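Read in order, the letters of the sequence shown are residues -30 to -1, 1 to 360 in mature numbering (1 follows the signal peptide of the UniProt record, and there is no 0). Glycine is no exception: its CB is placed at the ideal position from the N, C-alpha and C atoms. Note that the structure is a prediction, hence the values are computed from the model and not measured.
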Amino acid sequence: MKKLFSGVFLSAVLLSLMLAGCGKSDTSTAATGSSMDAAPAPASGPITINMDLPDNPIMSVGPDSEAAVSAKTLKLTVDDIERIKNGNHTAAISLHYAGNDWSTAQVRGLTDTFSRMGIKIVAKTDANFKAEKQVADIETIMSKQPDILVSIPVDPVSTAEAFKKAAAAGTKLVFMDNKPNGLQHGKDYVSVVSADNYGNGVQAAHLMAEAIGKKGDIGVIYHDADFFVTRQRSDAFEKTIKEQYPDINIVDRGGIMGPNDGERVAAALLTKHPRMNGLFVPWDIPAEGALAAARSGGREDLAITTIDLGMSVAVEIALDGMVKGLGAQLPYDQGVAEAILAGYALLGKETPSYVAVPSLRVGKDGILDSWKTVYHADAPEIVHKAANQK
């Protein structure tokens, strides 16, 4: 009875999300509502990320295979903040895609922190996963001559020249997750800031093993693109399964090029392997597609693990549905770290080439606390209701 109720409840949730998002390019912002804006940044004192985060060892390496520096080591003192405020600096944000909870929270972390630093944001753009759109966005942004540009490149090759021009114009570049090809740390860009994507892939592997009793056949959906952070997730998942769970077999893999490919690829894998016990998906949006494919195929016994705590997967975890858990990025704190590093550059301080925030395991137990840790805000009412279902 509970499984039937869970499916009905989640269907109602997804319908409400679609209705809330009609006519909006960022359905995630519409879905989360005021909850995502509820936690004000501290008004005084030094600026750091959340120092209560778990001290999990950082397992990821940077885009040039460099070791990560923990974001918990970053800090702007009160004196640093005042010196930055006196400069009347400006910043811009160029996203690869703004339509998810990760982007919304990261922009909020940047906005809150830049506000404390007295830095005005003069532009925010969304390339909608189109490299040519991002190149045009950067050209528009540079007409405003910002001191800082925080961005995640859609494609590290085709956007590289636009970012090189921005760097040559004197704009300080801070990258989320990846950097364009050919740019040099200290010369062209300040730093790359990421989650511990490898560590989160490890967390997803352990959660999968627990969900299926440490034995069975599973599939892997991977991101078939030149994006090193998503590659680290699937690499870590597969390596952990192969080395630590000998009775779990990865029977097939399927690649996606974008967030909307999850349902098609999952459906193909499930058709080919009808006895598959579990499926790993590299982030939450294509995992929603995998959920849809499993439901359509009558496979609500399938165990799914993924990365990123989006609202739909949070509801599914809370209801003890097909998504059994995930490794969560910490996008708000990632945004804070990016802003701190921009401040370092304005002050002439040395910066590490690659910085990462710790991984976070998220399961059914503690889902509400996990949401608050990830987003610095209380979970939306719909997640609360799911978590409180008996």
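{"Query": "Distance between Lys149 and Asp34 (C-alpha atoms, nearest Å)", "Result": "9 Å"}
{"Query": "Meets three-Cβ-pair contact criterion under 8 Å: the region 336 to 354 and the region 280 to 289", "Result": "yes"}
{"Query": "For Asp217, the nearest candidate out of Gly224, Asn170 and Met178 (CA to CA)", "Result": "Met178"}
{"Query": "DSSP-derived helix/strand/coil call for Ile352", "Result": "helix"}
{"Query": "Sheet register partners of Ile19 (DSSP bridge)", "Result": "In the DSSP output, where bridge partners are listed per residue, Ile19 has none listed."}
{"Query": "Backbone CA spacing between Phe198 and Pro252 [nearest angstrom]", "Result": "12 Å"}
{"Query": "Ala181 to Gly295 span [Cα, whole Å]", "Result": "9 Å"}
{"Query": "Three-state secondary structure (DSSP) of Met6", "Result": "Because Met6 carries a pLDDT of 46, less than 50, the predicted location of this residue cannot be relied on, and the following value inherits that uncertainty. Three-state DSSP puts Met6 in a helix."}
{"Query": "Best match in Lys184, Ser113, Leu330 and Ile89 for proximity to Leu23 [C-alpha to C-alpha]", "Result": "Leu330"}
{"Query": "C-beta contact flag for Leu259 and Glu233 at 7 Å", "Result": "In the sequence as displayed, the identity of residue 259 is Gly instead of Leu. Contact: yes."}
{"Query": "Ranges of the alpha helix (DSSP H) found wholly within the region 156 to 210, counting only runs of at least 4", "Result": "167 to 181"}
{"Query": "Close Cβ partners of Ala357 (< 6 Å) along its chain, the five nearest in sequence each way excluded", "Result": "Ala288, Ile337 and Leu338"}
{"Query": "Own chain, CB closer than 7 Å to Phe84, minus 5 neighbours either side, in chain order", "Result": "Ala61, Ile91 and Ala309"}
{"Query": "Within the region 313 to 345, ranges of the alpha helix (DSSP H) (whole runs, at least 4 residues)", "Result": "337 to 345"}
{"Query": "Cβ neighbours of Ala139 in the same chain (closer than 7 Å, five flanking residues each side left out)", "Result": "Met112"}
{"Query": "Spatial distance of Ala298 from Val124 (CA atoms)", "Result": "21 Å"}
{"Query": "Reduced DSSP category for Phe145 - H, G, I as helix; E, B as strand; rest coil", "Result": "strand"}
{"Query": "Inter-residue CB distance, Ile226 and Asp194 (contact presumed, cutoff 8 Å)", "Result": "6 Å"}
{"Query": "Nearest-angstrom Cα separation, counted from Ala175 out to Gly248", "Result": "11 Å"}
{"Query": "Helix, strand or coil at Asp125 [DSSP, three-state]", "Result": "coil"}
{"Query": "DSSP beta-bridge partners of Val120", "Result": "Ile63 and Val144"}
{"Query": "Segment contact flag, the region 127 to 137 with the region 50 to 60, C-beta cutoff 8 Å, min 3 pairs", "Result": "no"}
{"Query": "Chain-order list of residues whose beta-carbon lies under 7 Å from that of Thr241 (same chain, five-residue window excluded)", "Result": "none"}
{"Query": "DSSP three-state assignment for Ser40, whether helix, strand or coil", "Result": "strand"}
{"Query": "Same chain, Cβ closer than 8 Å to Thr110, five either side skipped, listed in chain order", "Result": "Ala93 and Thr95"}
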